[in-house]
Amino acid sequence: MFDLTGKSALVTGASGGIGAEIARTLHCAGATVGLSGTRVDPLEALAAELGERAHVLPCNLSDMAAVEALPKQAIETMGSVDILVNNAGITRDNLFMRMSDEEWNSVLDVNLTATFKLCKGVMRGMMKARWGRIVNISSVVGATGNPGQANYAASKAGMIGMSKSLAYEVASRGITVNAVAPGFIETAMTDKLTEDQKAGIMGQIPAGRMGTPAEISAAVAYLASAEAGYVTGTTLHVNGGMAML
Amino acid sequence: MSDIADRVKKIVVEHLGVEEDKVAENASFIDDLGADSLDTVELVMAFEEEFGIEIPDDAAETIQTFGDAVKFITEAS
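These protein sequence lines are chains A and B, in that order.
When the letters of the first sequence are read in order and numbered with UniProt numbering, they come out as residues 1 to 245.
When the letters of the second sequence are read in order and numbered with UniProt numbering, they come out as residues 1 to 77.
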């Protein structure tokens, strides 16, 4: 659909369901992909599946020194980072009144602070190239909130505010910064839900089904493309109509 | 004029697209040479590469004029 030949993309959380599909889609469009994540085995398996133009770049995003090193490693391995997809995220759900500082901080660190540091780490190269695409994977709950997820929702809303601010600053340099906000997507995370929970969720989704990782990765591929050069600071909601924002 | 000043001036002229004679000792990148705040970040990046030095963020903020840049780089390199 979109041609990313010659571009290098760094995807965090590439060991997860959505991240792996984002990497596949960008790779299929011709990009060289850097697969980052904490679990090396699934990253190696994905790299083997993709074949050429795929590099494994393990990184624990709760280790800030490792986060700061990741863009440098990606540039050394791939030559540049033209496309950054901040997809990695964690949840540590709890009722607000019971939420510990540790639960709050760990989610904000991985989801928001690591995103900030990675954006900063790739910005110099993008500014020099006068071309860059940053796609931050937020969530519908960043816009709507969700009981039990004050930390996660805050981090995902924070990513949107950060993306818009950065989008203002670097638009004149040919760099776009956008967010994709998935609704409920079929992944290992949602497989764990009971049938009752799933039925409850379906009732809130006009499309009457969960989304697929490929429906998220298609949105990312669009925002990463040359064709989306005039789209910046936006949030593309991919949620089956669950929240029309 | 020193070699460093010549190289700094070349970067400023190329990056900001200004006439060479406008780049005076006390010429402010933003007020006199039409740079925006992001241009100043890019100038610092270019100085770092040209001279193989690290310019920390707090030092970069003090580099407001052509003279500031030459002075900082002369001391750093």
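Glycine included, every Cβ here is placed at the ideal spot set by N, Cα and C.
- Message: Classify A:Y230: buried if its beta carbon has 16 or more other beta carbons within 10 angstroms, exposed otherwise.
- Response: The sequence position of residue 230 of chain A within the first sequence is 230, counting from 1. Classification for A:Y230: exposed.
- Run through the UniProt domain "Carrier" (2-77) of chain B for me and flag every whole alpha helix (DSSP H) of 4 or more residues, listed as ranges in chain order. 3-16, 37-51, 57-60 and 66-76
- Message: Suppose you measure from the CA of A:A74 to the CA of A:I175; what does that come to, to the nearest Å?
- Response: The count along the first sequence starts at 1 and reaches residue 74 of chain A at position 74. The count along the first sequence starts at 1 and reaches residue 175 of chain A at position 175. Cα to Cα, A:A74 sits roughly 18 Å from A:I175.
- Task: Run the CB neighbour count on A:Y168, radius 10 Å, all protein chains shown included, and call it buried at 16 or more, exposed below.
- Result: Locating residue 168 of chain A in the first sequence gives position 168, counting from the first residue. Under this definition A:Y168 is an exposed residue.
- Query: Is the region 87-97 of chain A close to the region 42-53 of chain A, with three or more CB pairs under 8 Å?
  - Reply: no
- Applying a beta-carbon distance threshold of less than 9 Å, which residues of chain B neighbour A:M127? Residue numbering aside, residue 127 of chain A sits at position 127 when the first sequence is read from its first letter. Chain B residues near A:M127: L38, V41, E42 and M45.
- Task: Could you tell me which chain B residues have their CB closer than 7 Å to the CB of A:E169, listed as they occur along the chain?
- Result: For the purposes of this step, residue 169 of chain A is identified with residue 169 of the first sequence, where counting begins at 1. Correct list: L38.
- If you run the structure through DSSP and keep just helix, strand and coil, what is A:T144? The count along the first sequence starts at 1 and reaches residue 144 of chain A at position 144. Of the three classes helix, strand and coil, the one that applies to A:T144 here is helix, per DSSP.
- Query: How would you list, in chain order, the residues of chain B whose beta-carbon sits under 7 Å from the beta-carbon of A:R124?
  - Reply: The residue you call residue 124 of chain A lines up with position 124 of the first sequence. Residues of chain B passing the Cβ test: M45.
- Alpha carbon to alpha carbon, what distance is there between A:G148 and A:G200? Numbered from its first residue, the first sequence carries residue 200 of chain A at position 200. Numbered from its first residue, the first sequence carries residue 148 of chain A at position 148. The alpha-carbon atoms of A:G200 and A:G148 are separated by roughly 16 Å.
- Under the assumption that A:G17 contacts A:P213 (Cβ atoms under 8 Å), give the Cβ distance between them as a whole number of angstroms. For this step, residue 17 of chain A is matched to residue 17 along the first sequence. For this step, residue 213 of chain A is matched to residue 213 along the first sequence. With 8 Å as the limit, A:G17 and A:P213 qualify as a contact, their Cβ atoms being about 5 Å apart.
- Range covered by the alpha helix (DSSP H) that runs through A:S163: Stepping through the first sequence from its first residue, residue 163 of chain A is reached at position 163. Taken as a continuous stretch (DSSP letters only), the alpha helix (DSSP H) holding A:S163 covers A150 to V170.
- Query: Nearest-angstrom Cα distance between A:D63 and A:N86?
  - Reply: For this step, residue 63 of chain A is matched to residue 63 along the first sequence. For this step, residue 86 of chain A is matched to residue 86 along the first sequence. Roughly 16 Å separates the two Cα atoms.
- Beta carbon of A:L10 nearer than 7 Å to that of A:V81: On the first sequence, position 10 is the one that residue 10 of chain A refers to. On the first sequence, position 81 is the one that residue 81 of chain A refers to. Closer than 7 Å, so yes.
- Item | Backbone CA spacing between A:L166 and A:M127 [nearest angstrom] | Position 166 of the first sequence, counting from 1, holds the residue named residue 166 of chain A. Position 127 of the first sequence, counting from 1, holds the residue named residue 127 of chain A. Whole-angstrom Cα-Cα distance: 12 Å.
- Task: Using DSSP bridges, identify the partner residues of A:N111.
- Result: As a position in the first sequence, residue 111 of chain A is number 111, starting the count at 1. Its beta-bridge partners do not exist; DSSP assigns none.
- Message: Looking at A:L4: is its Cβ nearer than 7 Å to the Cβ of A:G34?
- Response: Residue mapping note: residue 4 of chain A aligns to position 4 of the first sequence, counting from 1. Residue mapping note: residue 34 of chain A aligns to position 34 of the first sequence, counting from 1. Cβ atoms of A:L4 and A:G34: not closer than 7 Å.
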